[in-house]
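So the protein lines, in turn, are chains A and B.
Quick note on this note's numbering: the first sequence kicks off at 462 and runs consecutively.
Quick note on this note's numbering: the second sequence kicks off at 462 and runs consecutively.
For reference, the structure discussed in these notes is given below.
2 protein chains.
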Amino acid sequence: MDVQKHVMEKAHKAKKAARMMAGLESAVKDRALCAMAEALMDNHAAIKDANEKDLAAANDLGLSTAMIDRLTLTDARIEGMANGLREIASFPDPVGILTDMVHRPAGIRVGKMTVPIGLIGFIYESRPNVTVDAAGLCLKAGNAVLMRGGKEAFNSNIMLAGLLNKVAIANGIPDGAVSIIELTDREGVKYLLEASGVVDLVIPRGGKGLIKTVVENARVPVIKHYEGNCHVYVDKSADLDDAIAITINAKTQRPGVCNAAETLLVHREIAGEFLRRAAPELLDRGVELRGCETSRSLVPEMKEATEEDWYNEYLDLILAVRVVDSLEAAVDHINTYSSAHTEAIVTSEIEAADYFVTNVDSSSVMVNASTRLSDGGVYGLGAEVGISTDKLHARGPMGVADLTTYKWVVYGTGSIRK
Amino acid sequence: MDVQKHVMEKAHKAKKAARMMAGLESAVKDRALCAMAEALMDNHAAIKDANEKDLAAANDLGLSTAMIDRLTLTDARIEGMANGLREIASFPDPVGILTDMVHRPAGIRVGKMTVPIGLIGFIYESRPNVTVDAAGLCLKAGNAVLMRGGKEAFNSNIMLAGLLNKVAIANGIPDGAVSIIELTDREGVKYLLEASGVVDLVIPRGGKGLIKTVVENARVPVIKHYEGNCHVYVDKSADLDDAIAITINAKTQRPGVCNAAETLLVHREIAGEFLRRAAPELLDRGVELRGCETSRSLVPEMKEATEEDWYNEYLDLILAVRVVDSLEAAVDHINTYSSAHTEAIVTSEIEAADYFVTNVDSSSVMVNASTRLSDGGVYGLGAEVGISTDKLHARGPMGVADLTTYKWVVYGTGSIRK
Chain A
462 MDVQKHVMEK AHKAKKAARM MAGLESAVKD RALCAMAEAL MDNHAAIKDA
512 NEKDLAAAND LGLSTAMIDR LTLTDARIEG MANGLREIAS FPDPVGILTD
562 MVHRPAGIRV GKMTVPIGLI GFIYESRPNV TVDAAGLCLK AGNAVLMRGG
612 KEAFNSNIML AGLLNKVAIA NGIPDGAVSI IELTDREGVK YLLEASGVVD
662 LVIPRGGKGL IKTVVENARV PVIKHYEGNC HVYVDKSADL DDAIAITINA
712 KTQRPGVCNA AETLLVHREI AGEFLRRAAP ELLDRGVELR GCETSRSLVP
762 EMKEATEEDW YNEYLDLILA VRVVDSLEAA VDHINTYSSA HTEAIVTSEI
812 EAADYFVTNV DSSSVMVNAS TRLSDGGVYG LGAEVGISTD KLHARGPMGV
862 ADLTTYKWVV YGTGSIRK
Chain B
462 MDVQKHVMEK AHKAKKAARM MAGLESAVKD RALCAMAEAL MDNHAAIKDA
512 NEKDLAAAND LGLSTAMIDR LTLTDARIEG MANGLREIAS FPDPVGILTD
562 MVHRPAGIRV GKMTVPIGLI GFIYESRPNV TVDAAGLCLK AGNAVLMRGG
612 KEAFNSNIML AGLLNKVAIA NGIPDGAVSI IELTDREGVK YLLEASGVVD
662 LVIPRGGKGL IKTVVENARV PVIKHYEGNC HVYVDKSADL DDAIAITINA
712 KTQRPGVCNA AETLLVHREI AGEFLRRAAP ELLDRGVELR GCETSRSLVP
762 EMKEATEEDW YNEYLDLILA VRVVDSLEAA VDHINTYSSA HTEAIVTSEI
812 EAADYFVTNV DSSSVMVNAS TRLSDGGVYG LGAEVGISTD KLHARGPMGV
862 ADLTTYKWVV YGTGSIRK
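Pasting the structure below:
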């Protein structure tokens with residue numbers, strides 16, 4: 462099949478749907494979302510059949526046990542997806558909110574109105590539930606979405622997107638609002654990225670390879686959801702019990718996710734006492750420690766950290782450890798090596814906390830809290846589009862409101878420029 | 462000279478300055494801005510000397526009289542630039558504003574804090590006063606700026622940027638915060654656009670050629686300030702006096718700027734009466750009319766409009782005219798051909814106004830007002846970075862607050878993820 466033709470036909474159809482969606486009533490969108498949830502519940506068997514095909518191919522694709530687990534759709538997970546859609550339906554409509562309305566001397570009233578972004582390209586490598594989340598969140602914000610999932614979940618994704626689009630149409634949403642590229646060629650991603658004037662935004666969620674492809678080929682705006690090389694910095698004024706609890710939680714509570722900590726920075730003044738207490742706790746929990754020279758002199762069980770370790774997102778029970786001479790040196794280290802996702806300081810001094818919050822250039826900056834709390838649900842956003850590691854438009858956990866933009870609306874009375 | 466080396470040295474130095482600027486006190490920034498204004502006033506002669514060199518080269522570059530006029534720095538214009546900096550100093554600081562702070566069940570307080578974007582690459586082709594505006598606005602928002610002006614204003618730009626940086630340093634701003642590429646090679650733009658991880662945002666202000674180069678080469682986020690193919694739509698319910706006043710104002714009050722109207726759309730039901738009254742007024746003011754078949758049957762003086770005319774930003778006393786069958790057809794025309802800058806409807810019906818405002822996908826949508834009112838000053842933003850024709854982060858007139866982004870700040874008490 463001609464990949465370009467396939468992608469561009471889908472994109473143009475979705476763009477047409479997007480144009481029709483700007484004025485959709487909230488009730489129509491919410492009814493469609495609830496009907497989509499019902500359809501998932503009514504089609505457990507068909508969904509699991511499609512998923513079976515992916516699972517059957519999983520071994521050939523060389524997927525790990527963890528990856529196969531993430532790919533598997535159980536009854537409970539299908540119910541979870543349906544509940545997600547119902548939760549999205551219950552949110553207030555983020556579109557059409559008029560703010561900052563002022564009377565201006567030119568005789569006009571001027572304000573800003575939230576509006577859908579338009580057609581969003583969503584590229585992901587994750588579990589099939591992302592298909593449902595992305596469809597629901599984009600629809601709620603009045604956007605059309607053209608998705609491109611990973612090949613390991615191909616059959617599940619196509620089945621889910623097809624079902625949701627069908628139900629959406631039956632409930633007054635234009636055809637193409639929920640759409641998916643039905644080809645696995647990498648080339649398809651490229652056409653999506655080059656569709657300037659058709660695709661309004663591409664959101665890639667994935668690892669190095671995907672993000673590299675996107676950055677090198679995108680002619681359309683992109684909000685990247687990239688990796689989390691998160692840091693915990695234990696200041697000289699830290700409560701050491703808090704510091705130990707936060708370090709253990711940030712590293713071990715769920716090491717395979719982007720808001721887990723990957724590097725521990727420790728102020729020289731308390732490094733001896735802190736590391737001698739923290740290291741055994743971490744080692745007991747199976748964490749491999751890779752340290753700088755000073756750290757290793759304090760904890761002989763540590764392996765040697767290389768320059769590369771400071772950049773690494775392990776997503777595993779490995780923690781890089783570095784002793785730093787000062788708060789400023791900790792901030793420098795973070796601004797040099799971090800992926801700008803989430804960083805935490807443990808301190809009892811307001812001045813140190815303020816310096817850290819002001820000068821660390823990451824999407825979430827925390828004082829006396831675990832990096833694992835960097836999450837749309839924890840922050841109160843409800844279902845999350847993902848965690849943006851970019852700086853523009855949306856930073857950190859992205860909620861449904863971040864899938865809107867605004868336009869200026871101006872009301873005059875035959876008003877002209879003098 | 463090695464272009465890449467020149468650009469990247471400047472970029473790294475500016476990035477270093479940006480890191481140091483996140484925590485700058487408001488008073489320091491404002492003092493520097495006022496000192497920069499003083500320095501402009503104290504250096505009229507030197508500024509005009511540099512400008513003379515550009516003017517001497519203007520003929521060789523084949524600049525038109527209008528372009529030479531825009532390039533010329535008079536005493537009044539230098540004073541205008543200084544006043545611009547003083548105005549920027551008087552704005553409230555857009556950085557460090559903490560909003561949306563909430564207590565969450567996880568035991569944390571979460572909010573958003575406005576922060577500088579970082580290093581902004583500013584590429585422009587316009588008048589040398591843009592150098593001063595860009596430097597002032599970026600500094601106010603705590604950003605470093607690396608500028609790249611047009612070659613026709615090369616000497617003026619280098620002189621101004623050098624002076625401003627020197628004065629900024631003397632007032633506590635880090636060296637490199639106000640910087641400019643001192644080469645005219647197009648290649649320099651490319652390195653700026655590829656400096657992923659160093660340059661946080663590129664803002665190009667210019668015509669087709671520049672914007673094309675930027676879109677094709679950018680690996681960093683971009684907010685484009687592109688052309689304005691603006692529309693006035695006269696609905697069947699329009700007050701025709703208002704419609705005539707708005708059309709004349711939108712087209713002729715200043716035809717060479719981006720918020721001037723380029724196409725007039727007229728509802729079929731009132732086309733006869735409206736065009737027979739409006740056309741002579743426009744023709745009297747020297748406007749060339751290019752119409753569709755129906756328009757020309759009503760106004761014989763009209764030339765024939767081609768498909769290309771609907772896309773054109775004339776920036777001149779030319780107006781394309783099309784009679785449409787309905788409000789919906791007008792909106793379709795706009796969403797097809799517009800550059801998504803500013804569109805106006807003239808109508809007396811609320812429903813028509815609402816449909817237009819909801820469904821036109823442009824950065825400013827106006828009811829009974831001239832497109833010429835689409836302007837940061839008119840809207841109350843104060844000095845304007847430009848008018849974004851992109852949809853993400855900042856849309857339409859960009860003020861100094863649009864040169865910030867936010868970070869999430871989280872305060873816990875030893876809080877961990879359960």
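Glycine is no exception: its CB is placed at the ideal position from the N, C-alpha and C atoms.
Which two residues bound the contiguous beta strand (DSSP E) that contains residue i?
i      : result
A:D815 : Here A:D815 belongs to no beta strand (DSSP E); instead the alpha helix (DSSP H) covers I811 to N820.
A:F583 : L580 to Y585
A:I664 : L662 to R666
B:D561 : L559 to H564
B:R547 : It is not in any beta strand (DSSP E) - B:R547 instead sits in the alpha helix (DSSP H) that spans D536 to S551.
A:S849 : G847 to S849
A:S824 : No beta strand (DSSP E) contains A:S824, which DSSP labels as neither H nor E.
A:V571 : I569 to P577
A:K451 : Absent from the structure is residue 451 of chain A, since the part of chain A shown begins at 462 and ends at 879.
Grab the span of the alpha helix (DSSP H) containing residue i for me, first residue to last.
i      : result
A:C691 : Looking at the DSSP string, A:C691 is not in any alpha helix (DSSP H); the run it does join, the beta strand (DSSP E), is C691 to V695.
A:S698 : Premise fails: A:S698 is in no alpha helix (DSSP H) and is neither H nor E.
A:M481 : V464 to M482
A:L621 : F615 to A631
A:I806 : Taken as a continuous stretch (DSSP letters only), A:I806 belongs to no alpha helix (DSSP H), being part of the beta strand (DSSP E) at T803 to V807.
B:K514 : H505 to A519
A:R531 : T526 to L532
A:K601 : N590 to K601
What does the Cβ neighbour count give for residue i, buried or exposed, with the cut at 16 atoms within 10 Å?
i      : result
A:L559 : exposed
B:L598 : buried
A:V861 : buried
A:P665 : buried
A:S551 : exposed
B:L485 : buried
A:E405 : Because chain A here runs from 462 to 879, residue 405 of chain A falls outside it and cannot be looked at.
A:V675 : buried
B:M763 : buried
B:T713 : buried
Going by C-alpha distance, which of the options is nearest residue i?
i      : options                           : result
B:I642 : B:P635, B:N626 and B:K669         : B:N626
A:N710 : A:P566, A:G579, A:K509 and A:S835 : A:S835
B:E769 : B:A781, B:S849 and B:L744         : B:A781
A:L778 : A:V718, A:E749 and A:D661         : A:E749
A:C691 : A:I795, A:V846 and A:A488         : A:I795
In three-state DSSP terms, what is residue i?
i      : result
B:I684 : coil
A:D745 : helix
A:T832 : helix
A:T645 : coil
A:V489 : helix
B:R609 : strand
B:S787 : coil
If you check the beta carbons only, do residue i and residue j fall under 8 Å apart?
i      : j      : result
A:L607 : A:S657 : no
A:P577 : A:A537 : no
A:E804 : A:S823 : yes
B:K477 : B:G637 : yes
B:T808 : B:V784 : no
A:A479 : A:N604 : yes
B:T865 : B:P555 : yes
B:L534 : B:L494 : no
B:Y772 : B:G667 : no
B:H802 : B:N678 : no
A:I508 : A:S876 : no
B:Y694 : A:V571 : no
B:V663 : B:G610 : no
A:I672 : A:H854 : no
B:L701 : B:R746 : no
A:G752 : A:A766 : yes
Kindly say whether residue i, judged by its beta-carbon, lies nearer than 8 Å to any beta-carbon of chain C.
i      : result
A:A527 : You won't find chain C in this structure, because its protein chains are A and B.
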